[in-house]
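S.K.: Line order of the protein sequences matches chains U and A.
In terms of this note's numbering, the first sequence opens at residue 1 and continues consecutively.
In terms of this note's numbering, the second sequence opens at residue 1 and continues consecutively.
Quick reminder that beta carbons are idealized off the backbone N, C-alpha and C, glycines included.
Just so you know, these numbers come straight off a predicted model, no measurement behind them.
Can you read through this structure? Questions will come right after.
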Amino acid sequence: EAEVAQSPRYKITEKSQAVAFWCDPISGHATLYWYRQILGQGPELLVQFQDESVVDDSQLPKDRFSAERLKGVDSTLKIQPAELGDSAMYLCASSLGAGGGTDTQYFGPGTRLTVL
Amino acid sequence: TQLLEQSPQFLSIQEGENLTVYCNSSSVFSSLQWYRQEPGEGPVLLVTVVTGGEVKKLKRLTFQFGDARKDSSLHITAAQPGDTGLYLCAGGESWGKFQFGAGTQVVVTP
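This is the structure:
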C-alpha cells in the first residue's frame, strides 16, 4: 500500500539553528500539504501545494519558514532560525488533487520537533 | 474559514462500553473525513463520507454524515483498548482545502 514518507521522524535542535523536513507524497498525488500540530490538538495548515505551485501559505510564518516543491513531487519545509515555540509535530499529507472538496488526504508519520 | 467543533474533548470509558463522538459546523462541507491518531504518529484515515445522510460501517465503527452535510458522528460499539487515540474530523472545502476539528481524545481502559 502506497504511503506518504517523511524524514526525519524526530529532530532535536537548539533555538536559532536551522532545521529541514522532507516529505515524499504518494505517487501521482498532485496536492501536498504541510501541517503543524500541537500535542492533543488538530493539525493546522502551513502550506498547500498543487504540483509545484503554492496554493495557500497564508498561515506560514514567512520570516522564518520556507517550503518548496521544485519538481512537483517531494517537498522540503525549512525553519530558520528555530524558536522554542516551534516545538510541535510537523505532518505532511497528500491527495490526488481532483478538487471539488471530495479529495481524501493521506498523512505521513510526521516529524516530532523539539527546540531547546 | 469554516469551523468544525468536536465534542466531547475527552472521553474515558471501560472496555465493552459504547461511545459517540460528534463533529459539528454551521457551514456545509463537500466531504467529511475521520482519522484516528496515536501518540507520535500521523493521523490514519478511517473513512470518507460525501453524501448527506450517508452511513458507513467499519467493523465496530459507524460513521454518519448529516443530511445537510454540516455535521457528522462516529459511534464505536463495544470499545476495546485498541480504540484508544485522538479522533479527528476534517471537512473538505473547495480547492482541496480541509478544515480540522480540535479532536476528541478517547481512552478505553481494560
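Judging by CA-CA distance, which residue of U:7, U:77, U:49, U:16 is the nearest neighbour of residue 96 of chain U?
M.R.: Taking the first residue of the first sequence as 1, we reach residue 96 of chain U at position 96. Ranking U:7, U:77, U:49, U:16 by Cα distance to residue 96 of chain U puts U:49 first.
S.K.: To be precise: take each residue of the stretch 86-97 of chain U, compare its Cβ to all Cβ atoms of chain A, and keep it if any distance is under 7 Å. Which residues remain?
M.R.: Contacts with chain A (Cβ-Cβ distance below 7 Å) from the stretch 86-97 of chain U involve 91, 95, 97, listed in chain order.
S.K.: Using the C-alpha atoms, what's the distance from residue 112 of chain U back to residue 90 of chain U?
M.R.: On the first sequence, position 90 is the one that residue 90 of chain U refers to. On the first sequence, position 112 is the one that residue 112 of chain U refers to. Each residue's Cα considered, the two are about 6 Å apart.
S.K.: So, is residue 79 of chain U buried or exposed, given that buried needs 16 or more other C-beta atoms within 10 angstroms?
M.R.: Numbered from 1 along the first sequence, position 79 holds the residue referred to as residue 79 of chain U. The residue is buried, with at least 16 neighbouring Cβ atoms inside 10 Å.
S.K.: With 16 other CB atoms within 10 Å as the buried threshold, where does residue 32 of chain A fall?
M.R.: In the second sequence, the residue the question calls residue 32 of chain A occupies position 32. With 16 or more other Cβ atoms within 10 Å, it is buried.
S.K.: Look at residue 18 of chain A and residue 71 of chain A and say whether their C-beta atoms are less than 7 Å apart.
M.R.: Within the second sequence, residue 18 of chain A is the residue found at index 18, counting from 1. Within the second sequence, residue 71 of chain A is the residue found at index 71, counting from 1. Going by C-beta atoms, residue 18 of chain A is not nearer than 7 Å to residue 71 of chain A.
S.K.: Between which two residues does the beta strand (DSSP E) containing residue 26 of chain A stretch?
M.R.: Counting from one through the second sequence, the residue named residue 26 of chain A turns up at place 26. Premise fails: residue 26 of chain A is in no beta strand (DSSP E) and is neither H nor E.
S.K.: Does the distance from the C-beta atom of residue 15 of chain U to that of residue 84 of chain U stay below 7 Å?
M.R.: The count along the first sequence starts at 1 and reaches residue 15 of chain U at position 15. The count along the first sequence starts at 1 and reaches residue 84 of chain U at position 84. Yes, Cβ-Cβ distance for residue 15 of chain U and residue 84 of chain U is below 7 Å.
S.K.: Given a cut-off of 7 Å, decide if residue 110 of chain A and residue 38 of chain A are closer than it, judged by their beta-carbon atoms.
M.R.: Residue 38 of chain A sits at position 38 when you count from the first residue of the second sequence. Residue 110 of chain A sits at position 110 when you count from the first residue of the second sequence. Going by C-beta atoms, residue 38 of chain A is not nearer than 7 Å to residue 110 of chain A.
S.K.: Where do the ends of the beta strand (DSSP E) carrying residue 24 of chain U lie?
M.R.: In the first sequence, residue 24 of chain U corresponds to position 24, counting from 1. 19-24 is the span of the beta strand (DSSP E), which, as asked, contains residue 24 of chain U.
S.K.: Using 6 Å as the cut-off, classify the Cβ of residue 53 of chain A as near or not near the heavy atoms of the ligand SAH, replying yes or no.
M.R.: With respect to small molecules bound, the structure shown includes none, and the ligand SAH cannot be examined in it.
S.K.: Going by DSSP, what residue range makes up the beta strand (DSSP E) through residue 75 of chain A?
M.R.: On the second sequence, residue 75 of chain A is found 75 positions in, with the first residue counted as 1. Taken as a continuous stretch (DSSP letters only), the beta strand (DSSP E) holding residue 75 of chain A covers 71-76.
S.K.: Cβ closer than 7 Å: which chain U residues qualify as neighbours of residue 48 of chain A?
M.R.: Counting from 1 along the second sequence, the entry for residue 48 of chain A is found at position 48. Chain U residues near residue 48 of chain A: 104.
S.K.: Please work out which residues of its chain come closer than 6 Å, Cβ to Cβ, to residue 31 of chain U, disregarding the five sequence neighbours upstream and downstream, and give them in chain order.
M.R.: Locating residue 31 of chain U in the first sequence gives position 31, counting from the first residue. Hits under 6 Å: 50, 95, 97.
S.K.: Pick helix, strand or coil for residue 60 of chain U, following the three-state DSSP scheme.
M.R.: Residue 60 of chain U sits at position 60 when you count from the first residue of the first sequence. Coil, per DSSP.
S.K.: Taking the alpha carbon of residue 99 of chain A as the reference point, which residue from U:35, U:24, U:40, U:108 has its own alpha carbon closest?
M.R.: As a first step, residue 99 of chain A is located in the second sequence; it is residue number 99 there, counting from the start. When only C-alpha atoms are compared, the closest one is U:35.
S.K.: Taking only beta-carbon positions, decide if residue 119 of chain A is within less than 7 Å of chain U.
M.R.: This structure does not reach residue 119 of chain A, given that chain A is present from 1 up to 110, and the question cannot be answered.
S.K.: Taking only beta-carbon atoms, is residue 110 of chain U less than 7 Å away from chain A?
M.R.: Here residue 110 of chain U refers to the residue found at position 110 of the first sequence. Judged by the 7 Å Cβ criterion, residue 110 of chain U is in contact with chain A.
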